[in-house]
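Peer 1: Pasting a structure here, questions to come.
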Amino acid sequence: MFRRKGQNFQCTECNEKFSKKMGINHHLKSHAVDSPCNECTMTFTCCRNLLTHKRSLHMTDVSGKKYVCDLCGKLFACSGTLKRHVVTHSGIKPYKCDVCNKSYTTDMGRKQHMASHLNLRRFQCHICSKQFNTNMHLKRHMKTHRAQRDFHCNICNKAFTQGGNLKVHQRIHTGVKPYKCQYCGKDFMYISLVEHLRIHTGEKPHFCLKCSESFTRRSDFLKHLKDEHEEGKQEFCGGCGESFPNKSLFWKHSRDTTIPKKCPHCHLEFNNCRLLRNHIQRHLTKEERKVFVCQYCGIAYTNRDQLKSHINTHTGQKPFKCSVCPAAFTSRSALQKHTKSHENQRAFQCEVCSKMFNLHADLNRHRRIHTAQKDWKCDVCNKSFNQAGNLKVHQRIHSGEKPYKCDVCSQEFMYKGLYNDHLKKHGNQTDAILSIIKSETA
Numbered sequence: 001m002f003r004r005k006g007q008n009f010q011c012t013e014c015n016e017k018f019s020k021k022m023g024i025n026h027h028l029k030s031h032a033v034d035s036p037c038n039e040c041t042m043t044f045t046c047c048r049n050l051l052t053h054k055r056s057l058h059m060t061d062v063s064g065k066k067y068v069c070d071l072c073g074k075l076f077a078c079s080g081t082l083k084r085h086v087v088t089h090s091g092i093k094p095y096k097c098d099v100c101n102k103s104y105t106t107d108m109g110r111k112q113h114m115a116s117h118l119n120l121r122r123f124q125c126h127i128c129s130k131q132f133n134t135n136m137h138l139k140r141h142m143k144t145h146r147a148q149r150d151f152h153c154n155i156c157n158k159a160f161t162q163g164g165n166l167k168v169h170q171r172i173h174t175g176v177k178p179y180k181c182q183y184c185g186k187d188f189m190y191i192s193l194v195e196h197l198r199i200h201t202g203e204k205p206h207f208c209l210k211c212s213e214s215f216t217r218r219s220d221f222l223k224h225l226k227d228e229h230e231e232g233k234q235e236f237c238g239g240c241g242e243s244f245p246n247k248s249l250f251w252k253h254s255r256d257t258t259i260p261k262k263c264p265h266c267h268l269e270f271n272n273c274r275l276l277r278n279h280i281q282r283h284l285t286k287e288e289r290k291v292f293v294c295q296y297c298g299i300a301y302t303n304r305d306q307l308k309s310h311i312n313t314h315t316g317q318k319p320f321k322c323s324v325c326p327a328a329f330t331s332r333s334a335l336q337k338h339t340k341s342h343e344n345q346r347a348f349q350c351e352v353c354s355k356m357f358n359l360h361a362d363l364n365r366h367r368r369i370h371t372a373q374k375d376w377k378c379d380v381c382n383k384s385f386n387q388a389g390n391l392k393v394h395q396r397i398h399s400g401e402k403p404y405k406c407d408v409c410s411q412e413f414m415y416k417g418l419y420n421d422h423l424k425k426h427g428n429q430t431d432a433i434l435s436i437i438k439s440e441t442a
């Protein structure tokens with residue numbers, strides 16, 4: 001095999017250089033050894049020819065896919081599909097979203113992403129009703145229900161849904177490391193080579209929003225968050241790195257600070273930290289936005305509230321209590337889902353008269369009618385009441401007080417219910433009449 005180096009062609013076996021392709025091809029024959037095919041009796045003098053032979057005749061799965069990706073082992077039915085797939089390994093993303101500037105390796109990927117902005121989820125799973133933007137994503141999801149694992153490892157019998165996944169798995173048994181670093185020659189079993197290459201290129205894609213430090217590896221980034229920004233100590237501004245003892249001061253700073261702040265990715269300037277922080281999010285992937293890390297299991301979340309709810313699953317705390325029944329939950333969303341089960345349901349019944357109530361507090365208030373707990377007594381007629389408010393309303397009978405006065409016709413009422421019923425008689429004229437009265441008295 002050879003690689004192009006400047007204007008020359010270099011042999012990868014002995015590093016000898018040639019000015020013409022014809023020369024390197026002739027030279028390669030000196031390295032040729034008989035390479036037999038392990039699937040049939042044919043023998044080849046060039047490894048490249050052997051690989052072409054195996055691809056065309058032997059590398060075919062049960063679905064008829066015979067084009068295999070050298071980088072990840074995934075199989076394809078035609079060469080064009082394979083070529084489009086190989087681009088995904090290059091890291092080149094020429095197709096940009098017009099809405100959020102996110103980039104994609106293929107135009108199809110960009111179009112599928114654009115559908116997420118339009119909320120076009122037209123493909124629905126008939127088993128669990130989950131919806132998807134594309135039919136491809138739906139089909140991939142359907143496999144989770146069917147559990148069709150047709151590809152079995154002949155060593156450990158583990159099963160897989162795709163031939164490519166089986167091929168990658170078998171490297172555990174064979175020890176094959178197909179990914180070689182072009183800088184140091186180190187071999188890798190998986191596509192983790194991409195992360196390794198960053199050591200040589202100096203690329204640091206994992207950016208800390210709290211202190212602006214960047215990291216080559218995600219594992220180093222997560223360790224930094226845990227060691228330097230331990231959860232619960234203080235609030236950090238992702239724009240300038242300043243820390244605050246509480247959330248209110250942090251938000252005031254984000255809103256009011258007007259010193260120009262520069263984006264570390266594109267150098268665009270913003271006049272406050274809140275705008276900069278929101279802008280930086282556009283440069284980050286979904287995984288990189290997960291800066292709130294669980295101290296128990298290392299799972300990361302995009303916001304603090306999600307992390308707090310998750311931590312409750314470790315500690316057993318259930319701060320979200322149902323107002324209808326004794327149930328308690330670790331997250332607000334779980335409580336809201338549970339509360340729906342009580343809709344149109346009266347779960348609390350009076351054991352004396354069988355009357356039903358939605359809330360336990362309402363039942364307790366009702367029980368006083370039966371227990372004769374009437375501690376508030378009228379000093380005029382000695383009638384007793386179970387609440388002070390009821391006594392106050394009753395005393396209007398003796399005093400003649402009518403605290404509710406109609407602004408339209410000046411009629412007075414002793415009780416609020418009668419007053420509200422009266423207002424309905426004026427109908428839509430009420431607001432118009434009131435505005436005239438106010439203008440005349442002004």
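Just so you know, we're using UniProt numbering here: the sequence shown kicks off at 1 and counts up by one. Glycine included, every Cβ here is placed at the ideal spot set by N, Cα and C. Just so we're clear, the structure is a prediction, and the values are computed from it rather than from any experiment.
1) Given a cut-off of 8 Å on the beta-carbon distance, is the pair V68 and L75 in contact?
2) Quick one: residues in its chain with C-beta nearer than 6 Å to the C-beta of Q349, no 5 flanking neighbours on either side, listed in chain order?
3) So, for V293: in the same chain, excluding its five sequence neighbours on each side, which residues have a beta-carbon less than 7 Å away from its beta-carbon?
4) Give me the Cβ distance between F385 and H398, rounded to the nearest whole Å; I'm assuming they're in contact under 8 Å.
5) Which word fits V176, buried or exposed, when buried means at least 16 other C-beta atoms lie within 10 angstroms of its C-beta?
6) What is the DSSP secondary structure of E213, reduced to helix, strand or coil?
7) What residue range does the beta strand (DSSP E) around M10 cover?
8) Hey, how far is the Cα of N312 from the Cα of E269?
9) Going by Cα to Cα distance, which pick from Y104, N390, C353 is closest to T88?
10) Please work out which residues of its chain come closer than 6 Å, Cβ to Cβ, to S331, disregarding the five sequence neighbours upstream and downstream, and give them in chain order.
11) Just mark C208 as buried or exposed, buried being the case when its beta carbon has 16 or more other beta carbons within 10 Å.
12) Check S103 in the structure and name its three-state DSSP category.
13) Compare the C-beta of A300 against all C-beta atoms of chain B and say whether one is closer than 8 Å.
14) In its own chain, which residues sit with a C-beta less than 8 Å from the C-beta of H283, not counting the 5 before and 5 after it?
15) Near Q387, what residues of its chain come up, given a Cβ to Cβ distance below 7 Å and the 5 sequence neighbours on each side ignored?
16) Who are the near neighbours of Y404 in its chain, counting only those whose CB is closer than 8 Å to its CB and skipping five residues on each side?
17) Have a look at R84, L197, N165 and flag the residue whose alpha-carbon is nearest the alpha-carbon of residue 451.
18) Identify the continuous alpha helix (DSSP H) that holds Q182 and give its terminal residues.
19) Find the nearest neighbour of D70 within the set F123, K167, G23, C97, judged by alpha-carbon distance.
20) If I measure Cβ to Cβ from K93 and keep anything under 8 Å in the same chain, skipping five residues before and after, which residues do I get?
21) Which residue marks the beginning of the alpha helix (DSSP H) containing S309, and which one marks its end?
22) What does a CB cutoff of less than 8 Å around S79 pick up in its chain, not counting 5 residues either side in sequence?
23) Within 10 angstroms of the Cβ of G389, are there 16 or more other Cβ atoms? Answer buried if so, exposed if not.
24) With DSSP as the reference, identify every bridge partner of H113, one or two as the case may be.
25) Alpha carbon to alpha carbon, how far is V62 from C156?
26) Using a Cβ-Cβ cut-off of 6 Å (strictly less than) and excluding sequence neighbours within five positions of F123, which residues of its own chain qualify?
Peer 2: Concretely, from the data shown:
1) Yes.
2) M356
3) Residues L222, L225, K226, A300 of the same chain have their beta carbon placed closer than 7 Å to that of V293, with the five preceding and five following residues left out of the count.
4) So it is not a contact: roughly 14 Å between Cβ atoms.
5) exposed
6) If DSSP states are grouped into helix, strand and coil, E213 belongs with coil.
7) The residue you asked about is not Met; residue 10 is Gln in the sequence shown. That run of the beta strand (DSSP E) goes 8-11.
8) Put simply, the backbone Cα of N312 is about 39 Å away from that of E269.
9) Y104
10) Correct list, in chain order: S309.
11) buried
12) strand
13) Of the chains in the structure shown, none is chain B; there is only one protein chain.
14) F207, C263, H265, C266
15) Within its own chain, the residues whose Cβ lies closer than 7 Å to the Cβ of Q387, once the five positions on either side in sequence are excluded, are W376, listed in chain order.
16) Only E412, F413, M414, Y415, K416, L418, Y419 meet the Cβ criterion.
17) Nothing about residue 451 can be read from this structure; the chain reaches only from 1 to 442.
18) Taken as a continuous stretch (DSSP letters only), Q182 belongs to no alpha helix (DSSP H), as it is neither H nor E.
19) K167
20) S103, Y104, T105
21) Following the DSSP letters along the chain, one finds S309 inside the alpha helix (DSSP H) bounded by residues 304-315.
22) Here S79 has Y67 as same chain residues with Cβ atoms under 8 Å from its own Cβ, once five neighbours each way along the sequence are excluded.
23) exposed
24) For H113, which the question treats as bridged, DSSP gives no partner whatsoever.
25) Residue placement at V62 is flagged as unreliable, the pLDDT there being 38, under the threshold of 50; a coordinate-derived value is accordingly withheld.
26) Hits under 6 Å: F132, N135, L138.
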